[in-house]
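One structure below.
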Amino acid sequence: MDDQAFRIAMGKFATGVTVITTSIDGEAHGMTANAFMSVSLNPKLVLISIGEKAKMLSKIKESGKFAVSILAEEQKEMSMYFAGQIKEQREIDFEWINDTPVLRSSLATIVCDVYDSLVAGDHTLFVGEVKYLASSDAEPLLFSAGKYRNFEKVGS
Ligand code: FAD
Ligand code: NAD
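Mapped onto my numbering, the consecutive letters of the sequence shown carry residue numbers 397 to 552.
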């Protein structure tokens, strides 16, 4: 099966966009991810999927914790930046919760301890047990067919 056909088909599933964060010895690391889902209410569990080439993979394995910042529509640039699509290095003013960095002005922030993990092909699935969360009422950033969207306008 062709890789591009797979990406085109998977891109039909419209999602929000998150930035996953963790820290090692107080040093933050972030990466953009749309592979995120809610898993369980009791206990409260969420799931993320991290590619084998992402630096984030070894960092979550080492720290045993991660946070998910669900992005608002104004945070498209943050998504591009943490996907490595903006090449300049920036100083990010993270908010710190339970020694874990999160992005300020996000729609929701969810801080987790790693509850379980599973290597699945070229990705690792991390189930996180939610230790802290907060949310706001802003509009979400959306991602569909490889393009950023919002509820008002369609485009990239
Ligand atoms: P890097 O590529 O090194 O870091 C990403 C960027 O963030 C770099 O510019 C880096 O300088 C910057 N950065 C990181 N930490 C800091 C910090 N503390 N201070 C300042 N700058 C910092 N990949 C997946 O594995 N799973 C997914 O679900 C997924 N979904 C995606 C969804 C979208 C919409 C997009 C665009 C990409 C997605 N990716 C996903 C791809 C992933 O975002 C990139 O491959 C990413 O570059 C991997 O990050 P990394 O951990 O290797 O770190
Ligand atoms: P795209 O058109 O490559 O993505 C469309 C959809 O395909 C995504 O929403 C995802 O469901 C799937 N997909 C893409 N790459 C994948 C991968 N390596 N493993 C599993 N599923 C994948 O989107 P784009 O804007 O061209 O992406 C920019 C970069 O970010 C690309 O390098 C892409 O591979 C990567 N990305 C990775 C994932 C992921 O690992 N889950 C998700 C989205 C984008």
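Cβ coordinates follow ideal geometry from the N, Cα and C atoms, glycine included.
By the C-beta density criterion, N494 is exposed, having fewer than 16 other C-beta atoms within 10 angstroms. The straight-line gap separating the alpha-carbon atoms of M474 and M397 is approximately 33 Å.
In this structure, T520 is the residue among K408, T520, Q400 and S532 with its C-alpha nearest to the C-alpha of V510. Check the Cα spacing between I466 and each of I456, I446 and D533: the tightest is with D533. The beta carbons of A463 and T417 sit about 5 Å from each other, so the pair counts as a contact at 8 Å. Per DSSP, the continuous beta strand (DSSP E) segment holding E423 begins and ends at E423 to A429. Cβ atoms of L443 and V523 come within 8 Å of each other, at about 5 Å.
Taking 9 Å as the cut-off, the Cβ atoms of L503 and F490 do not count as close. The beta carbon of S434 sits closer than 6 Å to those of V442, all from its chain and outside the five residues before and after it, given in chain order.
For F462, the enclosing beta strand (DSSP E) has its first and last residue at K461 to I466. Annotation for I456: T418, I446, F462, V510 and F522 place their beta carbon closer than 7 Å to its own, counting only its chain and skipping 5 residues before and after.
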